[in-house]
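Asker: Counting in my numbering, the sequence shown runs from 5 upward without gaps. I have a structure here, written as structure tokens, and I will follow up with some questions on it.
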Amino acid sequence: MYNLLGKQIRGRFGFPSGVITTNSDVARWMFEYVPQFGFYQGKSTTIEPRAGNREDILAQPTPDSLWNAVGYTNPGLPETIEGFRELRAATPSDVFLMAQIGESTGEKFAHCVAEFDSAGDIADGYEINVSCPHADKGGILIGSDPDSVRSITAAARKATRKPIIVKLNGGF
């Protein structure tokens, strides 16, 4: 067993957010067949649905790298919460489920966190994504300003007692 942000988890490997496990069916399959996975990090969600960027969203600039520019494609907060509810019901209790929030203001980040919390124990913690370089509103724009990051983090912290991590950009 391993400890992640105060929760005992079964494995130290997990799914990063992105294009691999964007739905609960794939995640459930992976947890069943790869027991070393101890955490799941959901894609960024926003209050309203977002179509994201038009394809091509993947690029391979060198043989050993892969880039994506999804653009916060997501069905919106209510549907994401429902997906987490289904995932939590089908996921072993020793797996950490982290909801990722990608919004544009502290108030909107806090709203998303509060909505997740009011849905019950479907998420074990939250990642506040202020680093996404391809989000039109927010992302690297707010993530490169320490005062914005502080105020967003403080707003999210007031909305929950669960663990919070902040996804920063590389130049922070």
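Even glycine gets a Cβ: it sits at the ideal position worked out from N, Cα and C. Predicted model, so just to flag it, every value in this text is computed and none were measured.
Let me know the secondary structure DSSP gives residue 52 once reduced to three states.
Answerer: The residue given as residue 52 occupies position 48 in the sequence shown. Looking at residue 52 - three-state DSSP - the assignment turns out to be coil, as it is neither helix nor strand.
Asker: Return helix, strand or coil for residue 81, following the three-state DSSP convention.
Answerer: On the sequence shown, position 77 is the one that residue 81 refers to. Note: residue 81 maps to helix in three-state DSSP.
Asker: For residue 148, tell me which candidate among 158, 32, 133 has the shortest Cα-Cα distance.
Answerer: Translated into the one-based positions of the sequence shown, residue 148 becomes position 144. Comparing Cα-Cα distances from residue 148 to each of 158, 32, 133, the minimum goes to 133.
Asker: Look up residue 123 in the DSSP assignment and say whether it is helix, strand or coil.
Answerer: Against the sequence shown, residue 123 aligns to sequence position 119. Three-state DSSP puts residue 123 in coil, outside helix and strand.
Asker: DSSP on residue 73, reduced to helix/strand/coil?
Answerer: In the sequence shown, residue 73 corresponds to position 69, counting from 1. Residue 73 falls in the coil class under three-state DSSP.
Asker: Cβ of residue 49 within 8 Å of Cβ of residue 77?
Answerer: Numbered from its first residue, the sequence shown carries residue 49 at position 45. Numbered from its first residue, the sequence shown carries residue 77 at position 73. Not closer than 8 Å, so no.
Asker: For residue 61, which three-state DSSP category applies?
Answerer: Here residue 61 corresponds to residue number 57 of the sequence shown, with the count starting at 1. Of the three classes helix, strand and coil, the one that applies to residue 61 here is coil, per DSSP.
Asker: Under three-state DSSP, which class holds residue 107?
Answerer: Taking the first residue of the sequence shown as position 1, residue 107 is located at position 103. Residue 107 falls in the coil class under three-state DSSP.
Asker: I need the straight-line Cα distance from residue 105 to residue 67, nearest angstrom please.
Answerer: The residue labelled residue 105 in the question sits at position 101 within the sequence shown. The residue labelled residue 67 in the question sits at position 63 within the sequence shown. Each residue's alpha carbon lies about 31 Å from the other.
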